[in-house]
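The sequence shown begins at 0 in numbering that gives the first Met the number 0 and counts up by one.
Ideal Cβ placement from N, Cα and C applies to all residues, glycine included.
Have a look at the structure below, then the notes.
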Amino acid sequence: MKKLKLYLTSTLATLSLISISLACNSGEECFQKGFKLYNQGKKKEAYQYGVKACEQFNYGKGCFGLGYLYEHGDGVKKDMNKALSYYKKAVSGEENLCKNNDGQACYELGYMYEHGYGVPKDINKANELYKKACSLGYKKGCKQ
């Protein structure tokens with residue numbers, strides 16, 4: 000009984016630390032923290048931030064990042080069904096932001112259309128979105 004109590008106590012303490020370390024107040028903040036961890040080789044922690052950015056905040060970049068990880072088996076088991084699901088969720092999130100005149104979201108959505116991530120490949124649609132991104136002041140869109 001003592002061993003079980005000790006195990007449960009340490010498990011709860013670990014879960015509390017994970018919750019504290021995953022503190023972020025927006026999809027962008029979660030995504031940036033995860034991206035930084037990913038670049039440091041801490042893929043499990045990065046993945047957790049990506050999930051939070053995507054699932055809790057419906058943040059397109061977070062969903063796109065998860066799609067990429069699953070497509071390439073990078074830090075997670077390769078799973079094309081999960082990759083496609085996350086790419087589709089990313090498209091939905093970016094569409095909403097682009098409609099509200101977020102230039103970066105328009106650019107990222109254009110990228111998804113250009114490469115067929117979560118949507119059928121459509122170069123014309125991609126170019127329209129890049130032009131919109133550029134007109135909204137997002138310079139990467141001007142280079143396409």
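Scanning K42, F63, K35 and G136 for the CA closest to the CA of K88 turns up F63. Judged by DSSP secondary structure, E54 falls outside any alpha helix (DSSP H); it is assigned neither H nor E.
In the pairwise beta carbon analysis, the region 118-125 is classified as not touching the region 66-78: fewer than three pairs are separated by under 8 angstroms. Residue state for S25 is assigned as coil, using DSSP reduced to three classes.
For G92, the uninterrupted alpha helix (DSSP H) run begins and ends at M79 to K98, by DSSP. When rounded, the separation of the alpha-carbon atoms in A52 and K77 is 20 angstroms.
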